[in-house]
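Engineer: Sending over a structure as structure tokens; questions will come in a sec.
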Amino acid sequence: MNWDERFAGEEYLFGTAPAHFIKRHAHRLAPGSEVLVVADGEGRNSVWLAEMGHTVTAWDNSAVAIEKARRLARTRDVDVTLSVQNAAEYPWPEARFDAVIGIFIQFAPPKLRDEMLAGMIRATRPGGFVMLHGYTVEQLKHGTGGPPVAENGPAPVLFRSRAHVRRPFVRRPLVISSRGLNVSGAGCRSR
């Protein structure tokens, strides 16, 4: 998928409001947390977290999306450290962040996604946490978005890495959403 093409245009593809998952679980972040948002697209999540008082670093592989994220941050008068990164080459820091967040990162091929999760865990400080939000394999039967193949469901990557997880929280309700240009319809979402 060419993400620069996908994010082209003046409108924000998924809107400018944060993902419901982020709003629902932001209380888990201590005030002023240092947060990394992986593959953040046009910045709706990183900008909102900065508005909440966190120190936020975010990246995406789309230069078009990062430019829109910069524009959103300027509009909202917040600072977010934004960069264009290739997920396969990102230099994951060691124990730098209080939280590392990945929203719908399972579009990456499974091997790369596993490497990303390992990097996310490595980049999280002791006592910090990794927050993942994505489609389950049940999403395939709805045909309303998400990865087109079961191997991109989150279960394999999560359960293979469970040894690193101290207190997992997983929920899988059906959510009806109508936010943003491409966020609509019934879909299974972890929240």
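For what it's worth, my numbering labels the leading residue of the sequence shown as 139, then goes sequentially.
Glycine residues also receive a C-beta, built at the ideal position from the N, C-alpha and C atoms.
Computed from a predicted model, the values in this text were never measured in an experiment.
How big is the Cα-Cα spacing for Pro264 and Ala237?
Structural biologist: Distance between the alpha carbons of Pro264 and Ala237: 10 Å.
Engineer: Quick check for students: name the residue ranges of the alpha helix (DSSP H) that lie wholly in the region 152-235, counting only runs of 4 or more.
Structural biologist: Taking only runs of at least 4 residues, the alpha helix (DSSP H) segments lying wholly in the region 152-235 are 158-163, 182-189 and 201-214.
Engineer: Go to Arg267, then tell me how far its beta strand (DSSP E) extends in each direction, as first and last residue.
Structural biologist: Here the sequence assigns Phe to residue 267, which means Arg is not the residue at that position. Unbroken beta strand (DSSP E) run through Phe267: Thr262 to His271.
Engineer: Report the three-state DSSP secondary structure of Ala246 (helix, strand or coil).
Structural biologist: Ala246 falls in the coil class under three-state DSSP.
Engineer: Once you ignore the five residues that flank Ala177 on each side, which residues in its own chain have a CB closer than 6 Å to its CB?
Structural biologist: Correct list, in chain order: Asp198 and Ile243.
Engineer: Can the beta-carbon of Met254 be found less than 7 Å from the beta-carbon of Ala225?
Structural biologist: Yes, these two residues count as a Cβ contact at 7 Å.
Engineer: Taking DSSP's pairing of strands, which residues face Ile239 in a bridge?
Structural biologist: Answer is Val175 and Met269.
Engineer: What residues in its chain sit with their C-beta under 7 Å from that of Phe235, if we drop five residues either side in the sequence?
Structural biologist: The answer, listed in chain order, is Glu172, Val173, Leu174, Ala261, Thr262, Arg263 and Gly266.
Engineer: Measure the Cβ-Cβ separation of Arg214 and Val185 and say whether it is below 7 Å.
Structural biologist: Contact flag set, yes.
Engineer: Could you work out which residue in Pro231, Trp141, Gly179 and Val218 is closest to Ile204 when comparing CA atoms only?
Structural biologist: Minimum Cα distance to Ile204 is reached at Gly179.
Engineer: Which residue from Pro231, Ala188 and Ala246 puts its Cα closest to that of Arg208?
Structural biologist: Among Pro231, Ala188 and Ala246, the Cα nearest to that of Arg208 belongs to Ala188.
Engineer: In chain order, what residues of the same chain have a beta carbon less than 6 Å from the beta carbon of Leu270, not counting five sequence neighbours either side?
Structural biologist: Closer than 6 Å at the Cβ level, and outside the excluded window around Leu270, lie Gly240.
Engineer: What number of angstroms, rounded off, separates the C-alpha of Pro247 from the C-alpha of Met139?
Structural biologist: So the two alpha carbons sit approximately 11 Å from each other.
Engineer: Shortest alpha-carbon distance to Ala168 belongs to which of Val222, Ser221, His192 and Gln223?
Structural biologist: Considering only alpha carbons, the answer is His192.
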